[in-house]
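Novice:
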Amino acid sequence: MNIRKMLQPQGPIRFRKRLNLHAGILRMMAVATLTVLFLITVSLSPSLAHPNPSIPAIEKKMVLVPAGPYQPFLKREINKPIQVKAFRMDQTAVTNAEYLEFVKANPEWRKSNVNPLFADKNYLAHWKGDLEIGTGRYNHPNAPVVNVSWFAARAYAKWAGKRLPTVPEWERAGNGRPENLGNKTLIAYILEWYSKPNPARLPTVKSTYLNQYGLWDMHGLVWEWTFDFNSYLNSSDSRGGTQDENQLFCAAGSLGVQNKEDYAGYLRFSYRGSLKGKYCIPNLGFRCVKDL
Amino acid sequence: MNHKFQPLLQKTAIAAAFVAVSFMTACSGGNAGSSSNDNKTFQRNWPDTTLSGDVTAELTAPPLVPKPLTYTTPKRVKVEMTVTEKVMKISDSTDYTFWTFDGTVPGSFIRVREGDLVEFTLKNSPDSKVSHNIDLHAVNGPGGGAEATNVAPGQSATFHFRALNPGLYVYHCATGPVGMHIANGMYGLILVEPAAGMPKVDHEYYIMQGDFYTKGKFEQPGLQEFDEEKAVDENPTYVLFNGRVRSTTGKNALPAKVGETVRLYVGNGGPNLSSSFHVIGEIFDRVYMEGGNIINHNVQTTMIPAGGSSIVEMQMEVPGVYNIVDHALYRAFHKGAIAQIKVTGNENPNVFEKVKNK
Numbered sequence: 001m002n003i004r005k006m007l008q009p010q011g012p013i014r015f016r017k018r019l020n021l022h023a024g025i026l027r028m029m030a031v032a033t034l035t036v037l038f039l040i041t042v043s044l045s046p047s048l049a050h051p052n053p054s055i056p057a058i059e060k061k062m063v064l065v066p067a068g069p070y071q072p073f074l075k076r077e078i079n080k081p082i083q084v085k086a087f088r089m090d091q092t093a094v095t096n097a098e099y100l101e102f103v104k105a106n107p108e109w110r111k112s113n114v115n116p117l118f119a120d121k122n123y124l125a126h127w128k129g130d131l132e133i134g135t136g137r138y139n140h141p142n143a144p145v146v147n148v149s150w151f152a153a154r155a156y157a158k159w160a161g162k163r164l165p166t167v168p169e170w171e172r173a174g175n176g177r178p179e180n181l182g183n184k185t186l187i188a189y190i191l192e193w194y195s196k197p198n199p200a201r202l203p204t205v206k207s208t209y210l211n212q213y214g215l216w217d218m219h220g221l222v223w224e225w226t227f228d229f230n231s232y233l234n235s236s237d238s239r240g241g242t243q244d245e246n247q248l249f250c251a252a253g254s255l256g257v258q259n260k261e262d263y264a265g266y267l268r269f270s271y272r273g274s275l276k277g278k279y280c281i282p283n284l285g286f287r288c289v290k291d292l
Numbered sequence: 293m294n295h296k297f298q299p300l301l302q303k304t305a306i307a308a309a310f311v312a313v314s315f316m317t318a319c320s321g322g323n324a325g326s327s328s329n330d331n332k333t334f335q336r337n338w339p340d341t342t343l344s345g346d347v348t349a350e351l352t353a354p355p356l357v358p359k360p361l362t363y364t365t366p367k368r369v370k371v372e373m374t375v376t377e378k379v380m381k382i383s384d385s386t387d388y389t390f391w392t393f394d395g396t397v398p399g400s401f402i403r404v405r406e407g408d409l410v411e412f413t414l415k416n417s418p419d420s421k422v423s424h425n426i427d428l429h430a431v432n433g434p435g436g437g438a439e440a441t442n443v444a445p446g447q448s449a450t451f452h453f454r455a456l457n458p459g460l461y462v463y464h465c466a467t468g469p470v471g472m473h474i475a476n477g478m479y480g481l482i483l484v485e486p487a488a489g490m491p492k493v494d495h496e497y498y499i500m501q502g503d504f505y506t507k508g509k510f511e512q513p514g515l516q517e518f519d520e521e522k523a524v525d526e527n528p529t530y531v532l533f534n535g536r537v538r539s540t541t542g543k544n545a546l547p548a549k550v551g552e553t554v555r556l557y558v559g560n561g562g563p564n565l566s567s568s569f570h571v572i573g574e575i576f577d578r579v580y581m582e583g584g585n586i587i588n589h590n591v592q593t594t595m596i597p598a599g600g601s602s603i604v605e606m607q608m609e610v611p612g613v614y615n616i617v618d619h620a621l622y623r624a625f626h627k628g629a630i631a632q633i634k635v636t637g638n639e640n641p642n643v644f645e646k647v648k649n650k
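Listed in order, the protein sequences are those of chains R and G.
For the first sequence, the working numbering assigns the number 1 to the initial residue and increments by one for each residue that follows.
For the second sequence, the working numbering assigns the number 293 to the initial residue and increments by one for each residue that follows.
#1: Would residue 385 of chain G be called buried (16 or more neighbouring beta carbons within 10 Å of its own) or exposed?
#2: Would the beta-carbon of residue 355 of chain G fall within 8 Å of that of residue 546 of chain G?
#3: Would you say residue 418 of chain G faces chain R, with C-beta separation under 8 Å as the test?
#4: To the nearest angstrom, report how far apart residue 633 of chain G and residue 612 of chain G are at their CA atoms.
#5: Return the CA-CA distance between residue 507 of chain G and residue 226 of chain R, expressed in angstroms with no decimal places.
#6: Report the neighbours of residue 192 of chain R on chain G: residues whose CB is nearer than 7 Å to its CB, in chain order.
#7: Could one say the Cβ of residue 299 of chain R lies closer than 8 Å to chain G's Cβ atoms, at least one of them?
#8: Out of curiosity, what's the CA-to-CA distance linking residue 90 of chain R and residue 160 of chain R?
#9: Please give the ranges of any beta strand (DSSP E) in the stretch 558 to 613 of chain G, keeping only runs that are unbroken, at least 3 residues long and fully inside the region.
#10: Is it true that the CB of residue 292 of chain R sits closer than 8 Å to the CB of residue 88 of chain R?
#11: Give the list of continuous alpha helix (DSSP H) stretches no shorter than 4 residues that lie fully inside the stretch 334 to 400 of chain G.
#12: Note down, in chain order, each residue of its chain lying with its Cβ closer than 6 Å to the Cβ of residue 122 of chain R, except the 5 sequence neighbours on either side.
#13: Starting from residue 499 of chain G, trace the beta strand (DSSP E) in both directions and tell me its first and last residue.
#14: Counting only beta-carbon atoms, is residue 149 of chain R nearer than 8 Å to chain G?
#15: Is any beta-carbon of chain R found at less than 8 Å from that of residue 486 of chain G?
#16: When you compare only the Cα positions, how much space is there between residue 527 of chain G and residue 150 of chain R?
#17: What residue from G:370, G:400 and G:630 has the CA that sits closest to residue 541 of chain G's CA?
#18: Along the stretch 442 to 467 of chain G, what residues have a CB closer than 7 Å to any CB found in chain R?
#19: When you compare the CB of residue 207 of chain R with every CB in chain G, is at least one pair closer than 8 Å?
#20: Quick one: what does DSSP say residue 441 of chain G is sitting in, helix, strand or coil?
#21: Considering only the alpha carbon of each residue, which of G:578, G:599 and G:585 lies closest to residue 593 of chain G?
#22: Could you check which residue in R:275, R:92 and R:284 has the C-alpha nearest to that of residue 224 of chain R?
#23: Let me see if you follow: with CB-CB separation under 8 Å, is residue 520 of chain G close to chain R or not?
#24: What's the C-alpha gap between residue 520 of chain G and residue 366 of chain G?
#25: So, at 7 Å on beta carbons, what are the nonlocal neighbours of residue 142 of chain R in its own chain, with the 5 sequence-adjacent residues on each side left out?
#26: What is the DSSP secondary structure of residue 471 of chain G, reduced to helix, strand or coil?
#27: For residue 82 of chain R, which three-state DSSP category applies?
#28: Could you name the residues that DSSP lists as bridge partners for residue 144 of chain R?
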């Protein structure tokens, strides 16, 4: 059907078809508009589009996480383990002190300047000022920085010449065997973390446990952003997950889980599923990775 | 007679329609399952898509129940609840990190009217460690609201639902792992009052049973951790009314006077156990079976499934202390499932008297 035909008077059936076609065009236009808006949004974020080329003042120790399998938590992803390539990962979460260097070098990420599209009102809410960490319960210079959005974490990683870990990378690293927990299993250790109230002060990094790769505090200190945090619960269509049998909510979701007794894994995936990129949360920080 | 959830005429109409349809389908060899659909169709014909104003729901902590509703046409009802994770006493010397709706176990009691449009906001406290949501069994819609309300710490989410079906419903957190969220105390009750209202009684109270799983033994002192293995094995350390050993006994017993009628809104959060709900020394004059429309009379023990409810009513004839129990009795005497009603007033020898020996 060409345009001219469409414009000619038609019987009722054709008319309906034409309407359908119009609806199709409108949908395409809407998708295109949204895509453009998204691209504009991303390019508006200075650090995302033009990572600051300055050499960061941060010398942070990274350790090797060797290549190996990661068994996806959700059965639907792939029933066989995913092969994760070797990568290097920050030994600890990014600290308040390290993040301060980042905002010094990148004024657009100071709390008074931040674009509200990329960080909600809780961005660095615990800090005293733009360039002042302060002394509250989350504020030890060597405590992990929290109340930072995914956009902010991603910008930091670019600035540091690194990137955020993917979920399989993070999970493979996080499943590393604990070195100093005695006989306690990792799952038991994590569940114990939930069973205790939040401490009066957020502890510093390297205060919990060390794992076989030399990574500190993968569990038991703060949650950490991953690059693709929301790719596991929401399918790519716009139905809001209603048709998605892969959810972890409610009883039906549990059918899709590999290890039904991995309550800690459940909680991590549920937590990630509740996030949005601009959220800033007092128990959510991040660490970076780098390809070899 | 007490016809609580439907005016008598409506009820008769449903029954008539039900019988007629059953008869017709039976004769035609049709699908007998259609009868329940007809009932649903009947209830969905709510004429009131218009609302007669906004109200904010009164929410109460257990064992209290919000006052009966006085409005008679559907309204937009705002309900706002906050999830907090907090250490509380599970028994006098034992602490536990409960996950709560509004800081209590069970969470706030919600009371709305059939036909209301409930605008529900769930907030998750910034201090929470994990994300939470809410599935209200009173909702017709995906996940009972769970998908719409999956909230990270410090965030909030809102959805609305039409209270189509009158009855007493459980709500609970449905974030994975669901069992653990429930085992940590995340449940409560929402009453959808029938359009005609609930008949007046002297006292209304809110009680909810739940099973708890800790590493330490029953009443072992100190802060106790959740025991995943016991939960999977359905082997609770505690079975409790209102989230604490002796929550509702002694000076906290539910008060009533001789001659008064007590109505208990009872829920069972589980996550695992069903309750053989019983009051020692009393007979339920009326039981709204499973929290729905059908009223049974003269019941000794009523079954309340996990994720289910019941409304029981009894007139208290004789003074004394009445133990509310799960009549699977090891739960009552070894795991904490006892609450009490304390009835004061004059002895009533016409009904009960201890006769001296000799």
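The C-beta atom is built at its ideal place from N, Cα and C for all residues, glycine as well.
Specialist: By the coordinates alone:
#1: Using a 10 angstroms sphere on the CB of residue 385 of chain G, the tally of other CB atoms stays under 16, which defines it as exposed.
#2: Yes. Within cutoff.
#3: Yes, residue 418 of chain G lies at the interface with chain R (some Cβ there is under 8 Å from its Cβ).
#4: Just so you know, the alpha carbons of residue 633 of chain G and residue 612 of chain G end up roughly 8 Å apart.
#5: Straight-line Cα distance between these residues: approximately 32 Å.
#6: Near residue 192 of chain R (Cβ distances below 7 Å), the residues of chain G are 517.
#7: Chain R is shown only over 1 to 292; residue 299 of chain R falls outside these bounds and no answer can be derived.
#8: Rounded to whole angstroms, residue 90 of chain R to residue 160 of chain R spans 11 Å at the Cα level.
#9: The qualifying runs are 567 to 571, 576 to 580, 587 to 591, 593 to 596 and 600 to 607.
#10: A distance below 8 Å separates the beta carbons of residue 88 of chain R and residue 292 of chain R.
#11: Taken in chain order, no unbroken stretch of alpha helix (DSSP H) lies wholly in the stretch 334 to 400 of chain G with a span of 4 residues or more.
#12: The answer, listed in chain order, is 147 and 280.
#13: For residue 499 of chain G, the enclosing beta strand (DSSP E) covers residues 495 to 504.
#14: By the rule that beta-carbons nearer than 8 Å mark a contact, residue 149 of chain R does not touch chain G.
#15: By this cut-off, residue 486 of chain G is not an interface position.
#16: Rounded to the nearest whole angstrom, the CA to CA distance from residue 527 of chain G to residue 150 of chain R is 41 Å.
#17: When G:370, G:400 and G:630 are compared, the shortest CA-CA separation from residue 541 of chain G is found for G:630.
#18: Shown in chain order are the members of the stretch 442 to 467 of chain G whose Cβ falls below 7 Å from a Cβ of chain R: 442, 443, 444, 445, 446, 447, 466 and 467.
#19: It does not; no Cβ of chain G falls within 8 Å.
#20: Residue 441 of chain G sits in a helix when the DSSP states are folded into three classes.
#21: The option with the nearest alpha carbon to residue 593 of chain G is G:578.
#22: Ranked by how close their Cα comes to the Cα of residue 224 of chain R, the residues R:275, R:92 and R:284 have R:284 in first place.
#23: Yes, residue 520 of chain G lies at the interface with chain R (some Cβ there is under 8 Å from its Cβ).
#24: For residue 520 of chain G and residue 366 of chain G, the distance between alpha carbons rounds to 44 Å.
#25: 95, 97, 204 and 205, listed in sequence order.
#26: Secondary structure at residue 471 of chain G: helix, using DSSP grouped into helix, strand and coil.
#27: Strand, per DSSP.
#28: Per DSSP, R:95.
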